[in-house]
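Going letter by letter, the sequence shown gives residues 1 to 663 in full-length UniProt numbering. Before any comments, here is the structure.
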Amino acid sequence: MELHFSQDFGIEVEDDGEELAGRELAVPGGRHEHLLKSGLLGRCDDPFCTTCPSYIDYSAGSQMKKSRNLFSEAKSVALGIVKWRPAIYNPHTKVIQRWNQVFGVCCLIAVFVDPLFFFIFSAKQGYFCIVFNQELAIGVTIVRSIFDGIYFIHMLLQFRLAYFALASQTSGTGVLIDDPKTIALHYLQSWFIVDVVAVLPLPQVMLWTVVRSPRRGGDANYVKNLLRFVVLLQYIPRMVRFLPLLFGRSQSGGYIFETAWANFTINLFIYLLAGHVVGSCWYLFGLQRVNQCLINTCRAERPVCRKEFLDCGNGHNIQALQQGARLVWTNSSNASSKCLVNASFAYGIYSIAVPVAMDDSAIHKYVYSLFWGFLQISTLAGNLQPSLFVGEVFFTFGVIGLGLLLFALLIGNMQNFLQSLGRRHLEMQLRRHDVERWMRRRELPVVLRKRVRQAVRLKWASTRGVNEEELLDRLPEDMQKEIRRFLCFELLTKVRLFTVMDDKVLDAICQRLHEMLYIEGSEVFLADAPIHRMIFVVRGTLESVWKNGNTHTLVSGDFCGEELLHLCLNEALNTSKRDSSAPTRGLAFSTRTVRCSSSVEAFSLEEKDLRYVVANYISYIRNPRVLSALKSESHYFRSNAARRIQAAWKSHIRRQSRNPLRS
Numbered sequence: 001m002e003l004h005f006s007q008d009f010g011i012e013v014e015d016d017g018e019e020l021a022g023r024e025l026a027v028p029g030g031r032h033e034h035l036l037k038s039g040l041l042g043r044c045d046d047p048f049c050t051t052c053p054s055y056i057d058y059s060a061g062s063q064m065k066k067s068r069n070l071f072s073e074a075k076s077v078a079l080g081i082v083k084w085r086p087a088i089y090n091p092h093t094k095v096i097q098r099w100n101q102v103f104g105v106c107c108l109i110a111v112f113v114d115p116l117f118f119f120i121f122s123a124k125q126g127y128f129c130i131v132f133n134q135e136l137a138i139g140v141t142i143v144r145s146i147f148d149g150i151y152f153i154h155m156l157l158q159f160r161l162a163y164f165a166l167a168s169q170t171s172g173t174g175v176l177i178d179d180p181k182t183i184a185l186h187y188l189q190s191w192f193i194v195d196v197v198a199v200l201p202l203p204q205v206m207l208w209t210v211v212r213s214p215r216r217g218g219d220a221n222y223v224k225n226l227l228r229f230v231v232l233l234q235y236i237p238r239m240v241r242f243l244p245l246l247f248g249r250s251q252s253g254g255y256i257f258e259t260a261w262a263n264f265t266i267n268l269f270i271y272l273l274a275g276h277v278v279g280s281c282w283y284l285f286g287l288q289r290v291n292q293c294l295i296n297t298c299r300a301e302r303p304v305c306r307k308e309f310l311d312c313g314n315g316h317n318i319q320a321l322q323q324g325a326r327l328v329w330t331n332s333s334n335a336s337s338k339c340l341v342n343a344s345f346a347y348g349i350y351s352i353a354v355p356v357a358m359d360d361s362a363i364h365k366y367v368y369s370l371f372w373g374f375l376q377i378s379t380l381a382g383n384l385q386p387s388l389f390v391g392e393v394f395f396t397f398g399v400i401g402l403g404l405l406l407f408a409l410l411i412g413n414m415q416n417f418l419q420s421l422g423r424r425h426l427e428m429q430l431r432r433h434d435v436e437r438w439m440r441r442r443e444l445p446v447v448l449r450k451r452v453r454q455a456v457r458l459k460w461a462s463t464r465g466v467n468e469e470e471l472l473d474r475l476p477e478d479m480q481k482e483i484r485r486f487l488c489f490e491l492l493t494k495v496r497l498f499t500v501m502d503d504k505v506l507d508a509i510c511q512r513l514h515e516m517l518y519i520e521g522s523e524v525f526l527a528d529a530p531i532h533r534m535i536f537v538v539r540g541t542l543e544s545v546w547k548n549g550n551t552h553t554l555v556s557g558d559f560c561g562e563e564l565l566h567l568c569l570n571e572a573l574n575t576s577k578r579d580s581s582a583p584t585r586g587l588a589f590s591t592r593t594v595r596c597s598s599s600v601e602a603f604s605l606e607e608k609d610l611r612y613v614v615a616n617y618i619s620y621i622r623n624p625r626v627l628s629a630l631k632s633e634s635h636y637f638r639s640n641a642a643r644r645i646q647a648a649w650k651s652h653i654r655r656q657s658r659n660p661l662r663s
C-alpha cells in the first residue's frame, strides 16, 4: 500500500493487497493549501485548539510516496528546489509558540538597553570637562544591534505568519488566513510602519556619527540633547509593540506566559523598568546641569576659557590635552567650587547626581540611578525639592504622574490578576480545585484522574467557561432558533448525509443538537453495547474497530451511531404500516467500537430527539436520495451489505459443492 499527494492536495491510495484503515482526504475548495505545503510548520500543535481546521493536522502527519525509481526521486527533489518558497507558519505550531516566548524575553531585556545610552557620558572632576566612555558605547551598541536583529527577524516572520480573521458565516470564531499576499498586505496595513520606526538603529547612528564627530565644536550639551531626543522618541513605538508582550499577550492570540508567577514577575519587571527609565533620565539631566554650569563658568572666564575645553573626547589622551591654554584655565578656574565639589550652583533634585556623574565606574552610576528612580516612583517624588529651573520642575511632575499611573495601573493589574485572570480564570481554578477534591475523596485511580483533568481542560478551552445552553434558555424561543441555526447549520452541512436533506429536517435537527467534546482515548461506542445517540464529527479523528478486527478512521464530516437511525426508521415504517398508536421500542446495539484518536469536537443527536425527527419528518427522510446517501455513507450499512454478499456467496459455494452436476 502506498500514499501520494494528488493535485488538489488530497491523499490518494494505491493498495498493494493490504487493507487500508484510512480514507481519502481532500482539502475543501483548495483552502489552506499553503499551510499544507509547509508540512510540520503549517500544523497546529495545540491539542485543545478549536479554530484551526482539523484536516491540516491529519494531512500534515501523512508521508509522501516513496518511489523505487532513483531518477524520479532526483527529479522531484530538483523540482522542489526550483519551486521552493518560504513556508507559511501556523500561529499554533510549536516553533511559533517557542519563538513568541523567546521574543517576549528578548523584549524584556531590550527595553532596558536604550536608557543605557545616557550613561556613556560622565564628568571629569580635575579637568572640568565631559568624557565619552568608548568601551561602554561599544558594548551598548553591540547589545542594541543584536536585539534589533532579533526584532528584524520577527518582522520578516510576520510576512509568512498566518493570522485569524473573523468569518462572516461563523459565530465569533475565526478563519485561518494563509494566503501569502493577503498576509503581507494585512501586515503592511497594520503594524509595519511602527515596526520599521522601532527597529531603525537611530541611537547607534547618532552615537557614532554625530556624537563622535570631531566637528561638533565641543558642544557636548547639544549632542546629549539630540541623543536624548532620538532615544526617547524611538522608545514610544518600541513600547507600543513591546507592552502586549511584556504583559504576556501573544500577537497570534493566547497568553505566552500562563502561570500566575510568570505574570507576577512581569508586572514587577515593568515597575522596575519605570524606575530604570526615570533613573537614567535623572542621571542624564543631572549631567546636563553640570555641563550647563561649566558653560556658564567658562563664559564668565573668557578669554582664558574656550568652549572646546569642556569636551575631553573619550578620555584616553586626556593628559596630552592638559597643556597650554587648557592647563592655564584649569589651574586658575574656580569651576570646581562652583560646579563639582561643594557646588554653589542650584542643582535642585540633581545635587546627588553630581558626584554620581563624576564616578568612573559605569556599574556604580547605573545601580545608584536605578535605586533613585525606583525610590522616587515608590514615594511619588515626596522627598524632592526642585529648583526654579523649569525643566527640573516638569521632570518632577513627570515622576509624580508616572508613579501615580503605575500605582493605579500595575498594582491594580497585579491585584486583579491574582484575584482572577478575568473572573472566568478564577472560576476555572475553583472548578479544578473542586474536581481535585472530589477525585481524592472518591479515590479515583491516577490514570482516570489524568483523563478527567484533560476533559476539564478541553471543555474550558472550547467554551471559556460560558454555559451556552443556559444563555440560550434565557432568550426568547424565536431567537433561540435563529441562534442555533446560525451556530449549527454551516457545520451541519459539512456532514455529507445532511447535504441531501430538506431544510426543514435540518432546522429540526439544529434545534436538538448538543455539542460534545471528547479527549484522546475516549470510547464513544462499545461493541454490543446499547446506542443512545448519533455522533456527527466536526473536528478531530476517531478510530472505528469492527468485531472482525477491521479498522476505519472517521474524520470531520463523518458520523457514527447510524444503527440507532436504522432502528428508528424501521420502527417508523412498521408503525405506519400497522397504524399502531403504541409501537414497541427496541434497543440499537453498536456493531463496532469507536475510540477517539485525538481531541474531538462533535454534535450529538440524542435518541429521543432522533425519534422525534424521524416520526415527524418521515416523508422527507424516506426520500430515495436520503436513503441512498445513508446507505452509501454509512459504514454500518456498507458492512451489512458486505456481510450479506459474503453470506450469499458462501451459500452459493456450498450449494455448488453439494450438487456439482448443476454447475
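Positions of the beta carbon are idealized from the N, C-alpha and C atoms, including for glycine. Source: prediction; values computed, not measured.
Item: Kindly indicate the opening and closing residues of the alpha helix (DSSP H) around Y518.; Value: First-last for Y518: 514-518, but that is the beta strand (DSSP E), not the alpha helix (DSSP H).
Item: With burial defined as no fewer than 16 other Cβ atoms inside 10 Å of the residue's Cβ, what is the status of D114: buried or exposed?; Value: buried
Item: So what's I88 in DSSP terms, helix, strand or just coil?; Value: coil
Item: What's the gap between the Cα of I400 and the Cα of N342?; Value: 28 Å
Item: Where N100 and H364 are concerned, what is the direct C-alpha to C-alpha distance, given to the nearest angstrom?; Value: 34 Å
Item: Entirely within the segment 286-353 and at least 4 residues each: give me those alpha helix (DSSP H) ranges in chain order.; Value: 318-321, 325-332
Item: Out of G104, Q97, L517, V393, state which residue places its alpha-carbon closest to the alpha-carbon of Q454.; Value: L517
Item: How do the segment 154-167 and the segment 180-193 stand: do at least 3 beta-carbon pairs fall below 8 Å, yes or no?; Value: yes
Item: Give the range of the alpha helix (DSSP H) segment to which A615 is assigned.; Value: 607-616
Item: Between the segment 267-282 and the segment 291-308, are three or more C-beta pairs nearer than 8 Å?; Value: no
Item: Work out the CA separation of E606 and E469 for me, nearest whole Å.; Value: 15 Å
Item: Could you tell me the alpha carbon to alpha carbon distance between C568 and L587, rounded to whole angstroms?; Value: 10 Å
Item: By how many angstroms is the C-alpha of S369 removed from the C-alpha of I109?; Value: 18 Å
Item: With a threshold of 6 Å on Cβ separation, who are the neighbours of R485 within its own chain once the five nearest residues in sequence on each side are excluded?; Value: C510
Item: Determine the direct distance from the alpha carbon of T499 to that of I621, and round the result to whole angstroms.; Value: 12 Å
Item: Between S333 and chain C, is any beta-carbon pair separated by less than 9 Å?; Value: This model lacks chain C altogether, as it is built from one protein chain only.
Item: Pick out whichever of T209, F112, I531, V393 has its Cα sitting closest to the Cα of A346.; Value: V393
Item: Exposed or buried, which one is I138 when buried takes at least 16 other CB atoms within 10 Å?; Value: exposed
Item: What are the boundary residues of the beta strand (DSSP E) that includes R539?; Value: 533-539
Item: If I'm right that S590 touches A642 with Cβ under 8 Å, what's the distance once you round it to whole angstroms?; Value: Contact doesn't hold; Cβ gap of about 17 Å is too wide.
Item: Report the option in F603, A572, S597, L380 whose CA atom is closest to the CA atom of V613.; Value: A572
Item: Per DSSP, W546 forms a beta bridge with which residues?; Value: R592
Item: I'd like to know whether the C-beta atoms of I535 and C560 end up nearer to each other than 9 Å.; Value: yes
Item: So which of R474, L340, L444, M428 has the shortest CA-CA distance to L458?; Value: M428
Item: Contact defined as beta carbons within less than 8 Å: I believe S619 pairs with R533. What is the distance between those atoms, to the nearest angstrom?; Value: Wrong, their Cβ atoms sit about 24 Å apart, outside the cutoff.
Item: Between T396, L380, T379, which lies nearest to S387 when the distance is taken from Cα to Cα?; Value: T396
Item: Rounded to the nearest angstrom, what separates R238 and F112 at their Cα positions?; Value: 11 Å
Item: To which residues of the same chain is G313 closer than 7 Å at the C-beta, ignoring the five residues directly before and after it?; Value: F132
Item: If we call anything under 9 Å between Cβ atoms a contact, is L284 one with F118?; Value: yes
Item: Would you check if the segment 329-344 and the segment 143-153 touch, i.e. whether three or more CB-CB distances between them fall below 8 Å?; Value: no
Item: By DSSP, does A527 sit in helix, in strand, or in coil?; Value: coil
Item: Grab the span of the alpha helix (DSSP H) containing F395 for me, first residue to last.; Value: 390-406
Item: Our contact map puts M206 next to V230 with C-beta atoms below 8 Å; I'd like the distance itself, whole angstroms only.; Value: 5 Å
Item: Please report the distance separating the alpha-carbon of residue 736 from that of L233.; Value: Nothing about residue 736 can be reported from this structure: the residues present for the chain run from 1 to 663 only.
Item: Between the Cα of L136 and the Cα atoms of T297, I120, Q656, which residue gives the shortest distance?; Value: I120
Item: Nearest-angstrom Cα distance between E601 and I377?; Value: 50 Å
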